[in-house]
Amino acid sequence: NAGVTQTPKFRILKIGQSMTLQCTQDMNHNYMYWYRQDPGMGLKLIYYSVGAGITDKGEVPNGYNVSRSTTEDFPLRLELAAPSQTSVYFCASSYSWTGGELFFGEGSRLTVL
Amino acid sequence: GNSVTQMEGPVTLSEEAFLTINCTYTATGYPSLFWYVQYPGEGLQLLLKATKADDKGSNKGFEATYRKETTSFHLEKGSVQVSDSAVYFCALSDQGYGGSQGNLIFGKGTKLSVKP
Numbered sequence: 041n042a043g044v045t046q047t048p049k050f051r052i053l054k055i056g057q058s059m060t061l062q063c064t065q066d067m068n069h070n071y072m073y074w075y076r077q078d079p080g081m082g083l084k085l086i087y088y089s090v091g092a093g094i095t096d097k098g099e100v101p102n103g104y105n106v107s108r109s110t111t112e113d114f115p116l117r118l119e120l121a122a123p124s125q126t127s128v129y130f131c132a133s134s135y136s137w138t139g140g141e142l143f144f145g146e147g148s149r150l151t152v153l
Numbered sequence: 527g528n529s530v531t532q533m534e535g536p537v538t539l540s541e542e543a544f545l546t547i548n549c550t551y552t553a554t555g556y557p558s559l560f561w562y563v564q565y566p567g568e569g570l571q572l573l574l575k576a577t578k579a580d581d582k583g584s585n586k587g588f589e590a591t592y593r594k595e596t597t598s599f600h601l602e603k604g605s606v607q608v609s610d611s612a613v614y615f616c617a618l619s620d621q622g623y624g625g626s627q628g629n630l631i632f633g634k635g636t637k638l639s640v641k642p
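Residue numbers (this note's numbering), protein chains in the order written: chain A, 41 to 153; chain B, 527 to 642.
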């Protein structure tokens, strides 16, 4: 019963390095999302996708890129990591746009030093 | 624009105490309302929801009633347990709304700690 799986769970990066956070879901959901969670700030949407091949920017897309080549996978790419990208990242998916029930992964804690 | 405001935490209660976490919203149209819960070290999961005015969502002893007249969706539980310690997020979905906020707008979260 996998649901939404994110890797890695923890990562430390140096300033200027790049990395990809992986996200895969096995529920055949069309909609997928990447959020970042900063202490006391709730969740901010980075990017989302409404289906394979279709992505769109959220509130805080700068410094990130995404792709959606399959229904299952929605990787998040960080280029030229900066300390401001230190955060906990959550991938989520949903069956519909309006139903409101998102299924979240366990999160990836990223520290940029 | 659409927004959700929830009471700031942290909230610390003794076991078996009554819990209220306030949530108010601003939205165009007729949104659906949600409470999500995040246990330590985990992702968020849906706790309950209500899709129209006067609906009551309930789950695991928690309840919230969709009050259109006061634009509120307060979370309540009659007797909290240590296992309820978590962060609680109020959220709204304004059907058809899209753009940079996506389909679900979250409040900032309220941390609840329950002491034995």
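Backbone N, C-alpha and C define an ideal beta-carbon position, used for all residues, glycine too.
* With burial defined as no fewer than 16 other Cβ atoms inside 10 Å of the residue's Cβ, what is the status of B/Gln607: buried or exposed? -> exposed
* To do: Would you verify that the beta carbon of B/Lys634 is, or is not, closer than 8 Å to some beta carbon of chain A?
  => yes
* Are any of the Cβ atoms in chain B nearer than 8 Å to that of A/Trp74? -> no
* To do: Below 8 Å between beta carbons is the criterion; list the residues of the stretch 602 to 621 of chain B that meet it against any residue of chain A, in chain order.
  => Phe615, Ala617, Ser619, Gln621
* Could you say which of A/Leu150, A/Phe144, A/Val152 lies nearest to B/Glu568 if we only look at CA atoms? => A/Phe144
* Three-state secondary structure (DSSP) at B/Asp610? -> helix
* Within 10 angstroms of the Cβ of A/Lys54, are there 16 or more other Cβ atoms? Answer buried if so, exposed if not. => exposed
* To do: Can you have a look at B/Tyr551 and say buried or exposed, based on whether 16 or more other CB atoms are within 10 angstroms of its CB?
  => buried
* Asked: Would you call B/Thr596 buried or exposed, if buried means 16 or more other Cβ atoms sit within 10 Å of its Cβ?
  -> exposed
* Identify which residue in A/Ala42, A/Leu61, A/Lys84, A/Gln57 has its Cα closest to the Cα of A/Lys49. => A/Leu61
* Asked: Within the 8 Å Cβ cut-off, does B/Asn629 reach chain A?
  -> yes
* Asked: Taking all protein chains shown into account, do 16 or more other C-beta atoms lie within 10 angstroms of the C-beta of B/Asn629, making it buried, or fewer, making it exposed?
  -> buried
* Residues bridged to A/Trp74 [DSSP beta-bridge criterion] -> A/Tyr87, A/Cys131
* Asked: Ordered along the chain, which non-local residues of its own chain (more than five positions away) have a Cβ less than 8 Å from that of A/Arg108?
  -> Met72, Ser89, Gly91, Ala92, Gly93, Ile94, Thr95, Phe114
* **Cβ-based contacts, 7 Å cut-off: residues of the stretch 123 to 142 of chain A near chain B** => Phe130, Trp137, Thr138, Gly140, Glu141, Leu142
* **Collapsed DSSP secondary structure at B/Ser605 in the structure displayed** => coil
* **Where B/Ser529 sits in the DSSP three-state scheme** => strand
* To do: Report the rounded CA-to-CA distance for A/Pro79 versus A/Glu146, giving the unit in angstroms.
  => 16 Å
* Proximity below 8 Å, CB of B/Thr636 to CB of B/Glu534 -> yes
* Residues bridged to A/Gln152 [DSSP beta-bridge criterion] -> It should be pointed out that residue 152 of chain A corresponds to Val in this sequence rather than to Gln. Bridge partners of A/Val152: A/Leu53.
* To do: Would you mind working out which of A/Asn70, A/Arg76, A/Arg149, A/Gly98 sits nearest A/Asn138, comparing C-alpha positions?
  => The identity of residue 138 of chain A in the sequence shown is Thr, whereas the question assumes Asn. The residue with the shortest Cα to Cα distance from A/Thr138 is A/Asn70.
* Could you work out which residue in B/Glu589, B/Tyr614, B/Ser558 is closest to B/Ser605 when comparing CA atoms only? => B/Glu589
* **Those runs of the beta strand (DSSP E) which lie wholly inside the stretch 570 to 596 of chain B and span at least 3 residues** => 570 to 576, 582 to 585, 588 to 591
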